[in-house]
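Participant: The sequence shown begins at 10 in our numbering and counts up by one. My structure is below; once you've seen it, I'll send some questions.
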Amino acid sequence: MPVLRTIRERFAAERPLDGLTIAACLHVTAETANLVRTLIAGGADVALCASNPLSTQDGVAAALVAEHGAEVHARRGEDVDTYVSHIAAIVDRGPQLTMDDGADVISFLHARGGPALDAVIGGTEDTTSGAIRVHALEEEGRLAFPVLALARARVSQLVETRHGTGQSALDGILRATNTLLAGRTLAVYGYGPCGQGIARRAQGLGAAVVVCEVDPVRALEARLDGYTVLPGVEAAARSDVLVTATGASDVVADEHVAVMRDGAILANAGHFDVEISVGALRAAATASRQARPLVEQFDLSGGRRVNLLAEGRVVNLAAAEGHPAPVMDIAFAVEALAIAHLADAATTLEPALHEVPAAISDEVARLALTAVGVEIDHLSDEQRRYLTSWA
Ligand SMILES: NC(=O)c1ccc[n+]([C@@H]2O[C@H](COP(=O)([O-])OP(=O)(O)OC[C@H]3O[C@@H](n4cnc5c(N)ncnc54)[C@H](O)[C@@H]3O)[C@@H](O)[C@H]2O)c1
10 MPVLRTIRER
20 FAAERPLDGL
30 TIAACLHVTA
40 ETANLVRTLI
50 AGGADVALCA
60 SNPLSTQDGV
70 AAALVAEHGA
80 EVHARRGEDV
90 DTYVSHIAAI
100 VDRGPQLTMD
110 DGADVISFLH
120 ARGGPALDAV
130 IGGTEDTTSG
140 AIRVHALEEE
150 GRLAFPVLAL
160 ARARVSQLVE
170 TRHGTGQSAL
180 DGILRATNTL
190 LAGRTLAVYG
200 YGPCGQGIAR
210 RAQGLGAAVV
220 VCEVDPVRAL
230 EARLDGYTVL
240 PGVEAAARSD
250 VLVTATGASD
260 VVADEHVAVM
270 RDGAILANAG
280 HFDVEISVGA
290 LRAAATASRQ
300 ARPLVEQFDL
310 SGGRRVNLLA
320 EGRVVNLAAA
330 EGHPAPVMDI
340 AFAVEALAIA
350 HLADAATTLE
360 PALHEVPAAI
370 SDEVARLALT
380 AVGVEIDHLS
390 DEQRRYLTSW
400 A
């Protein structure tokens, strides 16, 4: 992770987080460990818990405590009560800054209120679904501190959501099932950056890709990108693999279950495990079994059997290893610079969901290019004048 390493060296010299406590609720993986090391190098006291009970790498959690001085509350496969108690434990540290991937810490703090909430000056939110929850707090007039929406940063949308999720979601599906995608039909529900990445990769592996959307512009985009666009139920009836990437709930529900093909594979790449209605599957099934690790197979009417991956949880983390390190290098470089920006400027920001300053995206992209030895051109003074002149 050369970009983050550069930032870690800069942080060690400049100590932008000196004296601050950060409560971070992130996937506890090796890549996150490098972010935590960067924050500690910048002077922060870091308490970390998991943002998903299935994504924790226990060895990483232990190493962060033993070798790097972080406080970690996470164990792979922890139950819901333990998961919540771990969030409470990092909130009890009295952080000034929060880091979320799904807004669980922010929600917890706002539900509880009191001095812990008052002490927070700002936070970051990694994912689109988390930003939706933060936005809901803002709409109710209850958001107590500024939050930077990291997934909206230009460089993150490109690298993390489109390329990272595109590759790793398919990686999860292939690891869990060992299926062949060539010649099969794969339906993607949602054509945001996430769905776009999955569609492009699946097509590259030889699948015929169908896109389902509710936004007419995105549906048109999918059509112009060369995919078949169909309503969700029709796509379910025609597809061998169904992947949700919408952020919405019950995207695959009773009516889809009723028509799915024998052998169909169901996977979710959206943040929360609400996109595939597991309840609808259970209600329609006459029997179910664990067909392979992370694959539950349901017997449905007409002798059909369909396969649900990772209980409908986010497939690239539950069945694979999340985004590869080069992707998280970019994402966490943005996160590290964003939290340093908040440490410096949070008190000047309204309690609202904010964009990451464009300068941070540019800086991270510049460092990423430098790391791989790529040089680019720069505008001349004359060109800059031309581009900014009304005349
Ligand atoms: N797995 C990962 O590693 C990963 C990475 C980034 C984002 N995400 C998650 O993936 C989801 C999508 O992210 P995004 O950035 O592409 O979001 P986005 O909001 O840009 O795109 C989602 C798309 O889904 C469409 N949609 C909503 N409801 C639908 C429905 N019922 N049927 C069909 N389409 C529907 C929307 O119109 C939108 O175009 C979010 O939950 C996000 O948090 C996951």
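Ideal Cβ positions, reconstructed from N, Cα and C, are used throughout, including at glycine. What you are looking at is a predicted structure, and each value in this text was computed from that prediction instead of being measured.
1) Any heavy atom of ligand 1 inside 7 Å of the beta-carbon of Cys203?
2) Of all the options Asp180, Val81 and Val74, which has the alpha carbon lying nearest to the alpha carbon of Ala329?
3) Under 8 Å, do Leu190 and Leu214 count as touching if we go by C-beta distance?
4) Counting contacts by CB-CB distance shorter than 8 Å, is Ala245 in contact with chain C?
5) How far does the beta strand (DSSP E) with Val218 in it extend, from its first residue to its last?
6) Determine the DSSP secondary structure at Phe307, reduced to helix, strand or coil.
7) Between which two residues does the beta strand (DSSP E) containing Met108 stretch?
8) What are the boundary residues of the beta strand (DSSP E) that includes Ala158?
9) Would you list the residues sitting across from Thr379 in a DSSP beta bridge?
10) Roughly how many angstroms separate the alpha carbons of Gly256 and Leu378, rounded to a whole number?
11) Would Asn325 pass as a contact of Ile274 if the rule is Cβ separation under 8 Å?
12) Given a cut-off of 8 Å on the beta-carbon distance, is the pair Ile130 and Ala355 in contact?
13) When we look at the beta-carbon of Leu388 and count the other beta-carbons within 10 Å, is it buried (16 or more) or exposed?
14) Does the contact criterion of 3 or more C-beta pairs under 8 Å hold for the segment 291-306 versus the segment 139-152?
15) So is Thr137 buried or exposed if we call it buried at 16+ other beta carbons inside 10 Å?
Facilitator: The short version:
1) yes
2) Asp180
3) yes
4) The chain labelled as chain C is not found in the depicted structure, where only one protein chain is given.
5) Ala217 to Cys221
6) strand
7) Leu106 to Asp109
8) Val156 to Ala158
9) Thr379 is not bridged to any residue.
10) 31 Å
11) no
12) yes
13) exposed
14) no
15) buried
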